[in-house]
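Presented below is the structure to which this report refers.
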Amino acid sequence: MLPLLNLGLALKHIAMVQGHDNPTLEPAGSSIEAPRSMSDTLNQKLSLHGQAISTVLKSAIDAEASTGAPQGLLDAMSYATLNGGKRLRPFLLVETAALFGRSDAGVLRAAAALECIHSYSLVHDDLPALDNDDLRRGKKTTHIAFDEETAILVGDALQTLAFDLLTDERIHKDPAIRLKLVSGLAKAAGASGMVGGQMLDLAAEGRHGNTPPQQSLHSIKSMQAMKTGALLRFACTSGADLADCASDDLVRLEKFGTIIGLAFQLADDILDRTGDAAALGKEAGKDAAAGKATLVDFMGLEAAKDHLAAQIKQADALLQPYGAAADTLKQTAGFIASRTS
Ligand code: IPE
Ligand code: IPE
Ligand code: MG
Ligand code: MG
Ligand code: MG
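Residue numbers (this note's numbering): -6 to 334.
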């Protein structure tokens, strides 16, 4: 159970993210200031939302101290999660739930569960045995700041914490929906989702003692749909499920999640080619050096950028039926393509 004080704070943050009752969104004298651009508003929402997620994650990790968890492990879990990630997956979950009329502490808790899985995936992705990276979110990777064995265990503990968070009845009053989320997250994170995608990603580098398999547009896209797409798709479908949306809405949001999942990894691969470590908060130029299978490599940089723009247009079109209510989600899709970190 999260301490009430922290939940109250997180709820206040949610109201702020949704733009209600938020003094910082409407400072004194704001009526005479020029209106903020859409991206300023989105950035502010993302930042407020990030603080809310950090509050829930901090409470959840701190709460483990009273149940006998070793402090060294909890410190490393905090390091791996409370460290400046964009919090895009939980943001998509919260905004999808809000589109269908739900925004409360239970939604934020589900969003924090998803961020636990994502943060764990980054800790393990950076390990020497996988991508061997020293920099993440602008800081030393967890295995460098602590040690390799601690980083492996941090990933394990964040993964189980995610499922523990999802069992709480505040997530949804109907246990069947909670079970649906547990099963959905397990599949999105597991052998047919993120972990399976990571395996295929490494295989494409010629790991596991095999010659790298011949890649095609289809094989790269299906690997990326697993390694990155599955969690982003889950962000959208779980937000919709939490708000008891109709089945045709769920199908629409699943398609939206699938498209932005592919777009997200494509943007990541473009940034690996064009970005720099200072802006990215992680090393650039790693994919080509490792011989990774990316669409940038397969189709060339300019064609990859065009493909990304086309995907964002498609994502936008899917949300047209919701009108202005879906503006934040549409802007988030745009942000995925235009981000620099
Ligand atoms: C990076 O994800 C890993 C990929 C799936 C490509 P993010 O770019 O969302 O990482 P953070 O959470 O903001 O650090
Ligand atoms: C990793 O993809 C996706 C995960 C499942 C963590 P990348 O290896 O391209 O992610 P970065 O570039 O290290 O963030
Ligand atoms: Mg990787
Ligand atoms: Mg990596
Ligand atoms: Mg990458």
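A virtual CB, placed ideally from N, CA and C, is assigned to each residue, including glycine.
For ligand 4, any of its heavy atoms closer than 6 Å to the Cβ of D118? yes
Helix, strand or coil at K133 according to DSSP, with G and I counted as helix: strand
Closest by CA to Q298, which one among L259, A272, G189, D280? One point to set straight first is that residue 298 is Lys, not Gln, in the sequence displayed. Checking every option, the nearest Cα to that of K298 belongs to L259.
Could you check whether the Cβ of S185 sits closer than 6 Å to any heavy atom belonging to ligand 2? no
Any idea if A144 is buried or exposed, counting beta-carbon neighbours within 10 angstroms, 16 or more meaning buried? buried
Is L123 helix, strand or coil by DSSP? coil
So is S52 buried or exposed if we call it buried at 16+ other beta carbons inside 10 Å? buried
heavy atom of ligand 4 below 6 Å from D261 C-beta: no
Minimum length 3: unbroken beta strand (DSSP E) runs contained in the stretch 144 to 205: none
Taking only three categories from DSSP, how would you classify L288? helix
In this structure, how does DSSP classify L75 when only helix, strand and coil are distinguished? coil
Secondary structure at L243, three-state DSSP: helix, strand or coil? helix
Indicate the three-state DSSP secondary structure (helix, strand or coil) for L128 in the structure shown. strand
D290 beta carbon near ligand 4 (any heavy atom closer than 6 Å): no
Does the Cβ of G22 have 16 or more other Cβ atoms within 10 Å, making it buried, or fewer, making it exposed? Interpretation of G22 is limited by its pLDDT of 32, a score under 50 that renders its predicted location unreliable; the figure taken from the coordinates is listed afterwards. Counting Cβ neighbours within 10 Å, G22 comes out exposed, since fewer than 16 surround it.
My output table needs one value for F93: the three-state DSSP class, helix, strand or coil. coil
Between which two residues does the alpha helix (DSSP H) harbouring S212 extend? 210 to 217
Cα-Cα separation between E88 and S59, rounded to whole angstroms: Rounded to whole angstroms, E88 to S59 spans 33 Å at the Cα level.
Our contact map puts A103 next to I54 with C-beta atoms below 8 Å; I'd like the distance itself, whole angstroms only. About 17 Å; that fails the 8 Å criterion.
With a threshold of 6 Å (Cβ to nearest heavy atom), would D55 be considered close to ligand 4? Taking non-hydrogen atoms of ligand 4 into account, the C-beta of D55 is found less than 6 Å away from none of them.
Beta-carbon contacts of A319 that lie in its chain and below 7 Å, excluding the five residues immediately before and after: Excluding five sequence positions before and after A319, the CB atoms of its chain that fall closer than 7 Å to its own CB belong to L92, L312, given in chain order.
List the endpoints of the continuous alpha helix (DSSP H) containing D280. 279 to 283
How big is the Cα-Cα spacing for K248 and S176? Near 19 Å, if we compare the C-alpha coordinates of S176 and K248.
D309 - containing alpha helix (DSSP H), residue span: 294 to 311
Using the C-alpha atoms, what's the distance from A69 back to F139? 7 Å
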